[in-house]
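Numbering (mature numbering (1 follows the signal peptide of the UniProt record, and there is no 0)), first residue to last: -22 to -1, 1 to 92.
Even glycine gets a Cβ: it sits at the ideal position worked out from N, Cα and C.
A short worksheet on the structure shown next.
Laid out in structure tokens, this is it:
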């Protein structure tokens, strides 16, 4: 019985440690408005899910919008100094943006205020 409790405490501790090294945030936005997403100046790659949940492709790489990023947003998006600006937000823009800071996984989810 005591071994079971010890194992449970160890597993819970491991979960807390893993949780402390990742972050998720929800950013309320207005469809039709503009979104200014500040990832941080050190961020130069941002991924989005393309196919299935495990298929993430860069929309920003080496600090620049990729072909996929331009395809998804057209002229509505710019990226500079760790900030992605998307003008005239569409429903299809309400998605997850995956990135890393200090090799730790992060995600920002755009969610409609309505």
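Can the beta-carbon of residue 15 be found closer than 8 Å to that of residue 61?
-> Cβ distance < 8 Å, so residue 15 and residue 61 count as in contact.
Since residue 34 is in the beta strand (DSSP E), which residue starts that stretch and which ends it?
-> It spans 34 to 39 - the beta strand (DSSP E) in which residue 34 sits, taken as one unbroken run.
Pull up the DSSP beta-bridge partners for residue 83, would you.
-> Note: residue 83 sits in a beta bridge opposite 78.
Should residue 66 and residue 10 be called a contact, given that it needs their Cβ atoms to be closer than 8 Å?
-> Residue 10 sits close to residue 66, with the two beta carbons spaced by under 8 Å.
Leaving out five residues before and five after residue 41 in sequence, what residues of the same chain have Cβ atoms less than 6 Å from its Cβ?
-> Excluding positions up to five away in sequence, the list reads 22.
From residue 3 to residue 74, what distance separates their C-alpha atoms?
-> Distance between the alpha carbons of residue 3 and residue 74: 10 Å.
Straight-line Cα distance separating residue 7 from residue 34 = Looking at the two C-alpha atoms, the distance is approximately 23 Å.
Report, in whole angstroms, the separation of the C-beta atoms of residue 102 and residue 86, which I expect to be a contact under 8 Å.
-> No information on residue 102 is available, as it lies outside the stretch -22 to 92 that the chain covers here.
Excluding the five sequence neighbours on either side, which residues of its own chain have a C-beta within less than 8 Å of the C-beta of residue 89, listed in chain order?
-> Cβ neighbours of residue 89 within its own chain (closer than 8 Å, five residues either side excluded): 4, 5, 6, 7, 72.
Neighbour-count burial assignment, residue 36, 16 or more Cβ in a 10 Å radius = It counts as buried.
Is DSSP giving residue 88 helix, strand or coil here?
-> Note: residue 88 maps to strand in three-state DSSP.
Can you grab the Cα-Cα spacing for the pair residue 13 / residue 56, in whole Å?
-> Between residue 13 and residue 56, the C-alpha separation is close to 11 Å.
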